[in-house]
Each structure stands twice: as structure tokens, then as C-alpha cells.
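To start, the structure under review is shown below, and the notes come after it.
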Amino acid sequence: MEPLHLRQATIADLAEIMRLEQAGFAAAIQESAATFSERLAAGGEGCWVLAAPDQRLFGYLCAEFWRYQADVAAERFARDHSAAETHCADGEEIYVSSMVVDPVLRGSGWGSRLFHGALDAMRARHCQLRSAILIVHPEWLGARQIYRRAGFTEIGTVPAYFAAPDGASHAAIIMRREDRDGGAMAASAPGATPDDGDLMRLQYPHAPADH
Ligand SMILES: CC(C)(COP(=O)(O)OP(=O)(O)OC[C@H]1O[C@@H](n2cnc3c(N)ncnc32)[C@H](O)[C@@H]1OP(=O)(O)O)[C@@H](O)C(=O)NCCC(=O)NCCS
Numbered sequence: 009m010e011p012l013h014l015r016q017a018t019i020a021d022l023a024e025i026m027r028l029e030q031a032g033f034a035a036a037i038q039e040s041a042a043t044f045s046e047r048l049a050a051g052g053e054g055c056w057v058l059a060a061p062d063q064r065l066f067g068y069l070c071a072e073f074w075r076y077q078a079d080v081a082a083e084r085f086a087r088d089h090s091a092a093e094t095h096c097a098d099g100e101e102i103y104v105s106s107m108v109v110d111p112v113l114r115g116s117g118w119g120s121r122l123f124h125g126a127l128d129a130m131r132a133r134h135c136q137l138r139s140a141i142l143i144v145h146p147e148w149l150g151a152r153q154i155y156r157r158a159g160f161t162e163i164g165t166v167p168a169y170f171a172a173p174d175g176a177s178h179a180a181i182i183m184r185r186e187d188r189d190g191g192a193m194a195a196s197a198p199g200a201t202p203d204d205g206d207l208m209r210l211q212y213p214h215a216p217a218d219h
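Terminal number for the sequence shown in my numbering: 219, no gaps in between.
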């Protein structure tokens, strides 16, 4: 079995991240290579990848750190916004801007492991983090299930965020998990504990019963 590592992304991962972005989202809602490049430069501590030994990527998660605000303006979630303007290295809230698992691995727990592993790793390295926020399409049921099981709740919507093929649009659901008491933000997936280095060794493929 080939191990997958969860590690921080670097600019060398950009082409693989874009391959996953294109596999993960319809063309109309994909973000650009320039956007990801800026995320990696401005807030590399929020960008994590599931990498094979040959550096092929099987998943990525990108996040920024934001100053905590009880009410977040809809414009903050704008697609292709500048991470250089919004990322705040000592911000208290993780904004998960995007996550994709390679289609060949979906449905066997990797999305959940990536999400929990990356958020736990950020929390372990940045002790000021006290909450997390994200937006999701109402029809992305797998993603919604991961967030719900991680304790996120729906706190509002961003109207007309996602264009639909028929010309209509969908609101984005805003989900947040608060952890203002300083406890663990999310329960780790079994076998997905970040160590004190860069790498988290996971087995690929793993038995479904593992998660
Ligand atoms: C979302 C995504 C990362 C999930 O990856 P994954 O490896 O399939 O995730 P998992 O195998 O950990 O499954 C997550 C959960 O969703 C559930 N799920 C998956 N598809 C589902 C569906 N169509 N309906 C309901 N639940 C579903 C799984 O059963 C699992 O729930 P469980 O842990 O309670 O059993 C992956 O589907 C993906 O890359 N999608 C395209 C991009 C995307 O939607 N990104 C999220 C942006 S907000």
C-alpha cells in the first residue's frame, strides 16, 4: 500500500492543485491559478495537500485566517478574492475557501480525513484559532455531511452565489463552528492525528472499516 501524506502545500503543487480544482468544480465556479498562487504566497499555512510519494496530489484544502466577526459580510466570500487582502496570520477564525478530493478516492473517507487533519494541524500550529467558517452549495451533500459531522451549523446564506447551468442561481449556505472556550475545535478522524512535523502518514488505499 502506498502512503499518502498530509502536508502543507507549496507553490510547486500549483499545477496539481489546478488539476484537482478542474476535477472538482464546474468550469463556471472554478477559481484561477492566480488565485491559488496568491493563497499559497499569502497564507501557505492554510493550504494543505494529500500527496503520494511521487508528489501526485489526491486532495487539497485551502484556508485563510480571518479576524473573527460575528456577522461576516457576504462580499468576504467572493470567488477569486485576494487572499493577500483578507488573510490575517494571527486571525482567530479559519475560513476554508476550498477543498477537493481526487474523484478516484472519493467515497472512502478521504474527504473527512483531509478536512479534520488539515483543521487539526492548523489549530495545533496556531493556538489563537477559535472557530471556522465556510460556504457550501446546497447540493454538495458529501461536503455538507463532512461539515455537519464536524459540528458546523448553518448560520446564513450568500444569495445568488452559484450560477446554475439553466441561468438560475443558488444561494451558498454559510456554516460555522465556534470553539470560543479553547477546547478542541473538531474531533479528529481516527488515524489522522497531525504530528509535530509536516507530514501525516495515511494509508492508501485504506479499508472502508478504517474510518
Ligand atoms: C466533498 C469531497 C471533498 C468529499 O470527499 P470524499 O472523499 O468523497 O468524502 P468522504 O468519503 O469522507 O465522505 C464524506 C461523507 O459524505 C457522505 N456522502 C458522500 N456523498 C454523498 C451524497 N451524495 N449524499 C449524501 N452523503 C454523501 C459520505 O457517506 C460520508 O459520510 P459519513 O462519513 O457519514 O459516512 C469530494 O466529494 C469532492 O472533492 N467533491 C467536489 C468538490 C467539493 O464539493 N468540495 C467541497 C467544497 S465546499
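Where is the CB? At the ideal position from N, CA and C, for every residue including glycine.
Where the beta strand (DSSP E) containing residue i begins and where it ends
i, result
"Gln-16", "10-16"
"Ile-102", "101-109"
"Val-57", "55-59"
"Ala-73", "Inspection of the sequence shows that residue 73 is occupied by Phe rather than by Ala. Note, Phe-73: beta strand (DSSP E), 65-74."
C-alpha distance - residue i paired with residue j, whole-angstrom precision
i, j, result
"Leu-28", "Gly-67", "7 Å"
"Ala-197", "Ser-120", "Confidence is the limiting factor: at Ala-197 the pLDDT is only 42, short of 50, which leaves the residue's position unreliable, though a coordinate-based value still follows. Taking the straight line joining both Cα atoms gives about 7 Å."
"Pro-126", "His-95", "Here residue 126 is Ala; the residue named in the question, Pro, does not match the sequence. Looking at the two C-alpha atoms, the distance is approximately 17 Å."
"Ile-236", "Ile-154", "Nothing about residue 236 can be read from this structure; the chain reaches only from 9 to 219."
"Ala-31", "Ser-40", "13 Å"
"Ala-59", "Trp-118", "12 Å"
"Leu-22", "Gly-159", "30 Å"
"Gln-77", "Ser-139", "10 Å"
"Tyr-212", "Arg-133", "Note that Tyr-212 scores 46 on pLDDT, short of 50, meaning its location in the model is unreliable; the coordinates nonetheless yield the value given after this. Tyr-212 and Arg-133: Cα-Cα distance of roughly 26 Å."
"Ala-194", "Arg-157", "Model confidence at Ala-194 stands at a pLDDT of 43, short of 50, so the residue's coordinates are unreliable; what they give is reported in the following sentence. Distance between the alpha carbons of Ala-194 and Arg-157 is about 9 Å."
"Pro-111", "Ile-163", "29 Å"
"Ile-19", "Ala-71", "15 Å"
"Glu-10", "Met-107", "22 Å"
"Ser-90", "Gly-52", "14 Å"
"Asp-79", "Tyr-103", "14 Å"
"Ala-42", "Ala-92", "12 Å"
"Val-109", "Ala-129", "18 Å"
"Gly-54", "Gln-136", "14 Å"
"Ala-82", "Gly-115", "31 Å"
"Val-57", "Arg-131", "16 Å"
"Leu-113", "Leu-149", "16 Å"
Segment limits, alpha helix (DSSP H) that includes residue i
i, result
"Ala-91", "91-94"
"Glu-24", "22-32"
From the options, residue whose alpha carbon lies closest to that of residue i
i, options, result
"His-13", "Arg-64, Arg-84, Ala-50, Pro-167", "Arg-64"
"Asp-187", "Glu-100, Glu-83, Ala-91, Phe-85", "Glu-100"
"Phe-73", "Phe-33, Ile-141, Tyr-169", "Ile-141"
"Ser-177", "Ala-151, Arg-185, Pro-167", "Pro-167"
"Ile-143", "Ala-172, Leu-122, Ala-129, Arg-185", "Arg-185"
"Ala-180", "Glu-10, Glu-46, Phe-85, Leu-69", "Phe-85"
"Glu-147", "Met-130, Ala-171, Leu-137", "Ala-171"
"Ala-49", "Pro-173, Arg-75, Ala-17, Val-57", "Ala-17"
"Ile-182", "Asp-174, Gly-175, Ala-151", "Ala-151"
"Ala-35", "Arg-87, Asp-98, Ala-81, Val-57", "Arg-87"
"Phe-222", "Thr-161, His-145, Asp-174", "Nothing in the structure corresponds to residue 222, since the chain is present only between 9 and 219."
"Arg-75", "Leu-69, Ala-97, Asp-62, Pro-61", "Ala-97"
"Ile-37", "Phe-123, His-124, Ser-105, Glu-46", "Ser-105"
8 Å Cβ cutoff, residue i in contact with chain C
i, result
"Glu-39", "This model lacks chain C altogether, as it is built from one protein chain only."
Could you pull out every unbroken beta strand (DSSP E) segment of at least 3 residues lying fully inside the segment 113-197, listed in chain order? Listed in chain order, they are 139-144, 161-171, 177-186.
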